[in-house]
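Participant:
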Amino acid sequence: MSATVDITFKLNGVERRVAVSAHMSALEMLRDAIGLTGTKYACGEGECGACTVLVDGQTVNSCLMFAADCDGRDLVTIEGLVTSPIGESLRKSFTKNGAVQCGFCTPGLMVQASHLLEQHPHADRAEIQRGIEGNLCRCTGYKKIVDAIIDAEVDVA
Amino acid sequence: MSDIQRYAAPRSLEEATDILRAGNVTIFAGGTDVMPQMKTGRLKLQPTLMNIRHIPELRGMAQAQGTLRIGALTTMTELLNSDIVRERFNALWQACDHFASDQLRNAGTIGGNICNASPAGDTLVPLLALDAKIVLTGKPNGALTSRTMPLAEFFIAPGSTKRAAGELLTAVELPLPPAEFVSEFFKFGTRPALDIATISIGLAARRDRKTLRNVRLAFGSVAPTPIRAPETEAVLEGKSLDDATIEAALAAAAKEIHPISDVRASDWYRRELVHNILQRMLVHVRDR
């Protein structure tokens, strides 16, 4: 048995206290210990971006982050994005543009897109493609995903 | 999976080096290398897992006495957003720009990239070309002691370095380049993002019209560690960059690299890449 670590952090705006195993990833904590299953597990090695979450305002692969390292930090997952204006416009534009096929990459892409639009509200097509290069869509529906993010820009700006 | 008996998150260098002195510690910062290596069993964790992200001495970048000091915890994103890195250390900036993905650049640190000691580590090749030194800090006799080592002497083998078990890599030091300085980095992979370099090349020199001086050339993914190429540097040093000099440099480089065949490319293909890309870089530096 690995050591247990008591951590306190903000999750989608709410303070949480959790006891986690020292070898646990932030993704395992979110899905298995807390029950927020919007953040997806796919490759488990930082290649696909399905597990993307915001930590202190920056996106990271939660599968590569130690859960214990969440202590004192501010996490936002796809569930927390619902209440933000950017999250709301992304939700609408992904739906309108049919940017969701099987849907497995969608939460990670929306979190990454929100981060991108936060930093570059007028990102052009190439900048968007660059910004989401760490997110794989196995259905290969990239065109509609980029269309959706461009659409969301109009809303956000 | 090995058991972690103790998790430590020290708040100072003093505290961290005390923990290291007690022994049997696995260090992590961003976690982007330690976590997957732990999951696949490639890295056997020590009984103590130490998170160094809260140590203030490892943060920030500062300029003093002709040197840029980069704290070990500096992330790839921070380097990419740094004016001084972009303006004066172009090769390093280019490497950060080609580093993995946004998510990984936000988490991965320069100290971690160095200590992971991959022959393909993206920042290692430009850092070698930029004459980087690293600072290692420990507490061998009860007092904090630092030593500085050229990065070129740090790597032993894949994943293996000269860092002693009781030491922490605290900073990277880069000499501020002179005027008319050029530095370039090129990484070849099958896609721009998230790829491990098939080969990479870092070149730095002071340019005097068509002549290069203080030439430093480094290669990644062509040997068990990232390497400097002193023979090729000597061929280029102080010579006019004409076609004959470039040909001679390419011949010298072919003797200094020792690539292997693996899943990413064959030995032959890596040699072709080094030949063609080094040629392109030298012509680019000459003609720009």
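Going down the list, the protein sequences come from chains A and B.
Under this note's numbering, the first residue of the first sequence is numbered 1, with each subsequent residue one higher.
Under this note's numbering, the first residue of the second sequence is numbered 1001, with each subsequent residue one higher.
We treat Cβ as the ideally placed atom computed from N, Cα and C, and that holds for glycine.
These numbers were taken from a predicted model, which means no experiment stands behind them.
Measuring CA to CA, which of B:Arg1288, B:Asp1033, B:Arg1011, B:Leu1092 is closest to glycine 1159 of chain B?
Facilitator: For the purposes of this step, residue 1159 of chain B is taken as residue 159 along the second sequence, with counting starting at 1. Cα-wise, what sits closest to glycine 1159 of chain B is B:Asp1033.
Participant: When DSSP labels each residue in this structure, what does isoleucine 1110 of chain B get in the three-state scheme?
Facilitator: In the second sequence, counting from the first residue as 1, residue 1110 of chain B sits at position 110. Note: isoleucine 1110 of chain B maps to helix in three-state DSSP.
Participant: Chain A partners of threonine 1032 of chain B, CB-CB under 7 Å?
Facilitator: Counted from its first residue, the second sequence places residue 1032 of chain B at position 32. By Cβ distance, chain A contributes Gly46, Leu64.
Participant: Any C-beta of chain A within less than 8 Å: which residues of the segment 1189-1212 of chain B qualify?
Facilitator: For the segment 1189-1212 of chain B, the set of residues with a beta-carbon nearer than 8 Å to any beta-carbon of chain A comprises Pro1192, Ala1193, Leu1194, in chain order.
Participant: When Cβ atoms are compared, which residues of the segment 1099-1131 of chain B fall closer than 8 Å to chain A?
Facilitator: Listed by position along the chain: Ala1100, Ser1101, Asp1102, Gln1103, Leu1104, Asn1106, Ala1107.
Participant: Cβ of glutamine 112 of chain A within 8 Å of Cβ of threonine 52 of chain A?
Facilitator: The residue labelled residue 112 of chain A in the question sits at position 112 within the first sequence. The residue labelled residue 52 of chain A in the question sits at position 52 within the first sequence. Going by C-beta atoms, glutamine 112 of chain A is nearer than 8 Å to threonine 52 of chain A.
Participant: Please give me, in chain order, every unbroken run of the alpha helix (DSSP H) with length at least 4 that falls completely inside the segment 1074-1128 of chain B.
Facilitator: 1076-1080, 1083-1088, 1090-1097, 1102-1107, 1110-1116
Participant: Under a three-way DSSP split, which group does glutamine 1046 of chain B fall into?
Facilitator: Stepping through the second sequence from its first residue, residue 1046 of chain B is reached at position 46. If DSSP states are grouped into helix, strand and coil, glutamine 1046 of chain B belongs with coil.
Participant: For the segment 1047-1069 of chain B, enumerate the residues whose C-beta is nearer than 8 Å to any C-beta of chain A, in chain order.
Facilitator: Going along the segment 1047-1069 of chain B in chain order, one finds Leu1049, Asn1051, Arg1053 with a Cβ nearer than 8 Å to chain A.
Participant: Tell me the rounded alpha-carbon separation between arginine 1147 of chain B and alanine 152 of chain A.
Facilitator: The residue given as residue 1147 of chain B occupies position 147 in the second sequence. The residue given as residue 152 of chain A occupies position 152 in the first sequence. Cα atoms of arginine 1147 of chain B and alanine 152 of chain A: separation of roughly 52 Å, rounded to the nearest angstrom.
Participant: Applying the 10 Å Cβ sphere with the 16-neighbour rule, what's the burial state of arginine 1270 of chain B?
Facilitator: Position 270 of the second sequence, counted from the first residue, corresponds to residue 1270 of chain B. Here arginine 1270 of chain B is buried, its C-beta having at least 16 other C-beta atoms within 10 Å.
Participant: Given a limit of 8 Å on CB to CB distance, which residues of the segment 93-115 of chain A reach chain B?
Facilitator: Gln112, His115
Participant: For phenylalanine 94 of chain A, report the span of its alpha helix (DSSP H) as first-last.
Facilitator: The sequence position of residue 94 of chain A within the first sequence is 94, counting from 1. Run containing phenylalanine 94 of chain A: 85-96, per the alpha helix (DSSP H) assignment.
Participant: Less than 8 Å separating the beta-carbons of glutamate 1233 of chain B and arginine 1207 of chain B?
Facilitator: The sequence position of residue 1233 of chain B within the second sequence is 233, counting from 1. The sequence position of residue 1207 of chain B within the second sequence is 207, counting from 1. No; because the gap between Cβ atoms is not below 8 Å, this pair is not in contact.
Participant: Taking only three categories from DSSP, how would you classify isoleucine 1260 of chain B?
Facilitator: Sequence index remark: in the second sequence, residue 1260 of chain B carries index 260 (1-based). In this structure, isoleucine 1260 of chain B counts as coil in the three-state DSSP scheme.
Participant: Name, please, each residue of chain A whose Cβ falls closer than 7 Å to the Cβ of tyrosine 1007 of chain B.
Facilitator: By 1-based counting over the second sequence, the position of residue 1007 of chain B is 7. Under the 7 Å cutoff, chain A gives Ala3, Val5, Ala22, Ala68.
Participant: Consider the Cβ of methionine 1076 of chain B: report whether some Cβ of chain A lies at a distance smaller than 8 Å.
Facilitator: As a working mapping, residue 1076 of chain B is identified with position 76 in the second sequence. No, methionine 1076 of chain B lies away from the interface with chain A (no Cβ there is under 8 Å from its Cβ).
Participant: Under a CB-based cut-off of 8 Å, is isoleucine 1277 of chain B close to chain A?
Facilitator: Position 277 of the second sequence holds residue 1277 of chain B. So no, isoleucine 1277 of chain B is outside the interface.
Participant: Could you check whether the segment 57-72 of chain A touches the segment 120-127 of chain A, counting it as contact only if at least three pairs of C-beta atoms, one from each stretch, sit closer than 8 Å?
Facilitator: no
Participant: What does DSSP give as the partner residue(s) for serine 1146 of chain B in the beta ladder?
Facilitator: Reading the second sequence from its first residue, position 146 is the one you call residue 1146 of chain B. Bridge partners of serine 1146 of chain B: B:Thr1137.
Participant: Determine whether the Cβ of valine 14 of chain A lies closer than 8 Å to any Cβ atom of chain B.
Facilitator: Residue 14 of chain A sits at position 14 when you count from the first residue of the first sequence. No, no contact with chain B.
Participant: By a C-beta neighbour count over all protein chains shown, 10 Å radius and 16 as the cutoff for buried, is tryptophan 1093 of chain B buried or exposed?
Facilitator: Counting from 1 along the second sequence, the entry for residue 1093 of chain B is found at position 93. The residue in question, tryptophan 1093 of chain B, is buried, as its Cβ has 16 or more Cβ neighbours within 10 Å.
Participant: If you follow the beta strand (DSSP E) that valine 160 of chain A is in, where does it begin and where does it stop?
Facilitator: Past the edges of chain A, shown from 1 to 157, lies residue 160 of chain A, and the structure says nothing about it.
Participant: Taking a Cβ distance cut-off of 8 Å, strictly less, list which residues of the segment 1150-1184 of chain B are near chain A, in chain order.
Facilitator: none
Participant: State yes or no: is the beta carbon of glutamate 28 of chain A nearer than 8 Å to at least one beta carbon in chain B?
Facilitator: In the first sequence, the residue the question calls residue 28 of chain A occupies position 28. It does not; no Cβ of chain B falls within 8 Å.
Participant: Between A:Ile145, A:Cys105, A:Ala126, which has its C-alpha nearest glycine 38 of chain A's C-alpha?
Facilitator: Position 38 of the first sequence, counted from the start, is the residue given in the question as residue 38 of chain A. Looking only at A:Ile145, A:Cys105, A:Ala126, the smallest Cα-Cα distance to glycine 38 of chain A is reached by A:Cys105.
Participant: Whose C-alpha, out of B:Val1222, B:Glu1237, B:Ile1110, is nearest the C-alpha of alanine 1132 of chain B?
Facilitator: Position 132 of the second sequence holds residue 1132 of chain B. Closest in C-alpha terms to alanine 1132 of chain B, from the list B:Val1222, B:Glu1237, B:Ile1110, comes B:Ile1110.
Participant: Would the beta-carbon of leucine 1058 of chain B fall within 8 Å of that of alanine 1072 of chain B?
Facilitator: Walking along the second sequence from the start, residue 1058 of chain B turns up at place 58. Walking along the second sequence from the start, residue 1072 of chain B turns up at place 72. Using a Cβ distance threshold of 8 Å, leucine 1058 of chain B and alanine 1072 of chain B count as a contacting pair.
Participant: Using the rule of at least 16 other Cβ atoms within 10 Å of the residue's Cβ for burial, across every protein chain shown, is threonine 8 of chain A buried or exposed?
Facilitator: The sequence position of residue 8 of chain A within the first sequence is 8, counting from 1. Taking every protein chain shown into account, the CB of threonine 8 of chain A has fewer than 16 other CB atoms within 10 angstroms, so this residue is exposed.
Participant: Which same chain residues, not among the five before or five after alanine 1095 of chain B, have their C-beta less than 6 Å away from its C-beta?
Facilitator: Indexing the second sequence from 1 puts residue 1095 of chain B at position 95. The answer, listed in chain order, is Asp1122, Thr1123, Pro1126, Phe1185.
Participant: Considering Cα atoms alone, identify which of A:Ser2, A:Gly13, A:Val18 is closest to aspartate 56 of chain A.
Facilitator: As a first step, residue 56 of chain A is located in the first sequence; it is residue number 56 there, counting from the start. For aspartate 56 of chain A, the nearest C-alpha among the options comes from A:Gly13.
Participant: Between the alpha carbons of valine 1235 of chain B and arginine 1228 of chain B, how many angstroms are there, rounded?
Facilitator: Indexing the second sequence from 1 puts residue 1235 of chain B at position 235. Indexing the second sequence from 1 puts residue 1228 of chain B at position 228. Their Cα atoms are separated by approximately 14 Å.
Participant: Expressed to the nearest angstrom, what Euclidean distance is found between the alpha-carbon atoms of isoleucine 1277 of chain B and alanine 26 of chain A?
Facilitator: For this step, residue 1277 of chain B is matched to residue 277 along the second sequence. For this step, residue 26 of chain A is matched to residue 26 along the first sequence. Roughly 40 Å between the two C-alpha positions.
Participant: Which stretch, first to last residue, makes up the alpha helix (DSSP H) that contains leucine 1013 of chain B?
Facilitator: Position 13 of the second sequence holds residue 1013 of chain B. Start and end: 1013-1022.
Participant: So what does DSSP say about serine 1200 of chain B, is it helix, strand or coil?
Facilitator: Translated into the one-based positions of the second sequence, residue 1200 of chain B becomes position 200. DSSP places serine 1200 of chain B in strand when its eight states are reduced to three.
Participant: Rounded to the nearest angstrom, how far is the Cβ of aspartate 69 of chain A from that of glycine 1031 of chain B, given a contact under 8 Å?
Facilitator: Your numbering for residue 69 of chain A matches position 69 in the first sequence. Your numbering for residue 1031 of chain B matches position 31 in the second sequence. Their Cβ separation, rounded to whole angstroms, is 6 Å, which keeps aspartate 69 of chain A and glycine 1031 of chain B in contact under 8 Å.
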